[in-house]
Amino acid sequence: SRRVVIVGAGMAGVQTAVALREQGFTGSITLIGAEPHQPYDRPPLSKAVLLGTAEGSAFDVDFEALSVDLQLGREASGLRPQAHELDTPAGPVAYDVLVIATGAEPLALPGTEGVPGVHLLRTLDDAERLRPVLQRQHDIVVVGAGWIGAEFATAAREAGCAVTVVEAADRPLPGALPAEVTAPMTDWYAQSGAELLTDARVASVEPGTVVLADGRRLAAGAVVVGIGARPATRWLAGSGIALGADGSITADERLRTSLPDVYAVGDCASFPSGRYGQRLLVHHWDNALQGPRTVAANVIGADAGRPAEPGEIYDPVPYFWSEQFGRFVQYAGHHGGAGTLVRRGDPAGASWSVLWLRDGVLVALLAVGRPRDLAQGRRLIESGARLDERRAADPAVPLKAA
Ligand code: FAD
């Protein structure tokens, strides 16, 4: 019977194992993960786990009952596709089908790698190192006002730390959302008591101090860097697998890679979106939940040798959420190329949404404290529904197709 080997025991790797069994796969499944910990969920690391209100976030999955051979603390160091083998320090691992789910690694601030007191936030070990830092209520400097920076700043303020956020762009979330939408978010920092410095660049980090390019010096008992992440694909050098300029494994619409019998899913892989007409690299949890179902269907379908079924093509409406400064922020879709922006509610208020329309069709939506808008909007995006702009702008009227 067939041996499936999955590399990376994060959300995408674990869900691939679960989906294979759910869909009836009876061959052997080996799940190899570099981290020594029982596989866990990452979103709580910048929230409850960081604040110590939750001990951990291990997945509630019984690997033994699923007859999944879980090999933790084992890192894949290379891939030899002709031999159908992975290399690890403990020796090679043979596969019939390989699923790569090695996720992403956070970008370090150049020049600060290994500097004491400078932290990244990606793993459980990172969160456990940062928990006592918060408890000491130091002055904390956060570099980057992205999703991780905003969530970390939120937790640090909650813990009573003095927080300064240094952002190179002129606004928060510069890579993710357009200026007209993020403008109200600037105030969230001040309301929480954090200081947001925009158009500000870190020149160097000295013990206890962050020095900015314009000469300003910021007291920093600790520095937390949240400037993005790149796919963890360096270990694939020399394997011949096709990678994009962003380091992602360029999978096809069935999440197959350029190598035979090798799939890729989650934060490490990009895929062509038929829906949005471009290749997407998505670094969000929902993608690591949905993608594995497509991979499992294709692994099983390839055995059966029948034509593609709908579940075997991956074309999701991307979705994510963030909890920051007491607000629940959710986003669905992809707003690139949308012509019209419709606001629902006052962005200075506690809850509001923004809709993006292209030729009258809803393509993306941002909801702040309006989970019902998100749920309704997400379905409308999925079905390609047209909206009546005037009605959609009234926050008292539920979102409905025109
Ligand atoms: P990962 O979770 O990165 O898992 C990959 C695993 O593979 C890792 O355990 C890694 O150690 C292992 N690995 C890497 N290389 C190798 C190798 N060579 N051999 C063996 N193992 C290897 N998304 C949201 O939508 N909402 C949120 O609120 C949210 N909050 C987040 C908060 C934090 C602090 C972080 C870090 C992420 C957050 N995300 C959030 C993003 C979400 O967690 C990721 O999109 C998701 O974890 C991706 O899952 P993955 O399995 O693809 O990758």
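First residue of the sequence shown: 10, per UniProt numbering; consecutive thereafter. Glycine residues also receive a C-beta, built at the ideal position from the N, C-alpha and C atoms. Since this is a predicted model, take the numbers as computed values, not measurements.
Evaluate residue i with the Cβ neighbour count: other Cβ atoms within 10 Å of its Cβ, from every protein chain shown; 16 or more gives buried, anything less gives exposed.
i: Gly342; result: buried
i: Asp71; result: exposed
i: Arg210; result: exposed
i: Val151; result: buried
i: Lys56; result: buried
i: Gly82; result: exposed
i: Glu321; result: buried
i: Arg180; result: buried
i: Gly300; result: buried
i: Arg166; result: buried
i: Asp276; result: buried
i: Ser392; result: exposed
i: Arg243; result: exposed
i: Ala192; result: exposed
i: Gly358; result: exposed
i: Glu31; result: exposed
Which of helix, strand or coil does DSSP assign to residue i?
i: Pro323; result: Position check: residue 323 holds Tyr in this sequence, whereas Pro was assumed. Note: Tyr323 maps to coil in three-state DSSP.
i: Ile250; result: coil
i: Glu398; result: helix
i: Glu122; result: coil
i: Val406; result: coil
i: Asp382; result: helix
i: Arg225; result: coil
i: Glu176; result: coil
i: Arg12; result: strand
i: Ala313; result: helix
i: Ser392; result: helix
i: Ala168; result: coil
i: Gly22; result: helix
i: Ala376; result: strand
i: Ala359; result: coil
i: Ala347; result: coil
i: Ala103; result: strand
i: Ala341; result: strand
Whole-angstrom Cβ separation of residue i and residue j, contact assumed at under 8 Å?
i: Arg367; j: Ala394; result: Contact doesn't hold; Cβ gap of about 12 Å is too wide.
i: Leu268; j: Thr259; result: Wrong, their Cβ atoms sit about 11 Å apart, outside the cutoff.
i: Val174; j: Leu139; result: That pair is no contact at about 15 Å.
i: Leu364; j: Gly235; result: Leu364 to Gly235, Cβ: 28 Å. No contact.
i: Thr97; j: Ala110; result: With 8 Å as the limit, Thr97 and Ala110 do not qualify as a contact, their Cβ atoms being about 15 Å apart.
i: Val172; j: Ala203; result: 4 Å
i: Ile41; j: Val14; result: 7 Å
i: Gln47; j: Ala74; result: So it is not a contact: roughly 15 Å between Cβ atoms.
i: Trp294; j: Phe329; result: 7 Å
Using only CA atoms, which one of the options lies nearest to residue i?
i: Glu160; options: Leu116, Arg145 and Leu182; result: Leu182
i: Leu186; options: Glu176, Gly155 and Asp196; result: Gly155
i: Glu122; options: Ser213, Phe334, Ile149 and Glu84; result: Ser213
i: Gly61; options: Ile157, Ala164 and Ile38; result: Ala164
i: Phe334; options: Glu321, Arg51 and Gly378; result: Gly378
i: His292; options: Ala238, His344 and Arg263; result: Ala238
i: Ala401; options: Glu391, Trp361 and Ser392; result: Trp361
i: Arg145; options: Ala168, His128 and Val124; result: Ala168
i: Val106; options: Ala311, Glu318 and Thr195; result: Ala311
i: Val326; options: Gly126, Phe280 and Gly358; result: Phe280
i: Gly369; options: Arg399, Gly358, Thr242 and Gln385; result: Arg399
i: Asp403; options: Arg353, Asp382 and Ala43; result: Arg353
Mind checking whether the beta-carbon of residue i lies closer than 8 Å to any heavy atom of the ligand ZN?
i: Asn296; result: The ligand ZN is not part of this structure, which contains only the ligand FAD.
Please give the ranges of any beta strand (DSSP E) in the stretch 230-308, keeping only runs that are unbroken, at least 3 residues long and fully inside the region. For the stretch 230-308, whole beta strand (DSSP E) runs of length 3 or above, ordered along the chain, are 231-234, 238-240, 271-273, 278-282 and 287-290.
As an exercise, report each continuous alpha helix (DSSP H) stretch of at least 4 residues that is fully enclosed by the stretch 179-217, in chain order. For the stretch 179-217, whole alpha helix (DSSP H) runs of length 4 or above, ordered along the chain, are 188-201.
Within the stretch 24-101, note down every full beta strand (DSSP E) run reaching 3 residues or more, in order along the chain. Under the rule that a run must span 3 or more residues, the beta strand (DSSP E) segments found entirely inside the stretch 24-101 read 37-42, 77-81, 87-89 and 94-96.
Return the chain-ordered ranges of every beta strand (DSSP E) run that is complete within the stretch 109-160 and spans a minimum of 3 residues. For the stretch 109-160, whole beta strand (DSSP E) runs of length 3 or above, ordered along the chain, are 113-115 and 148-152.
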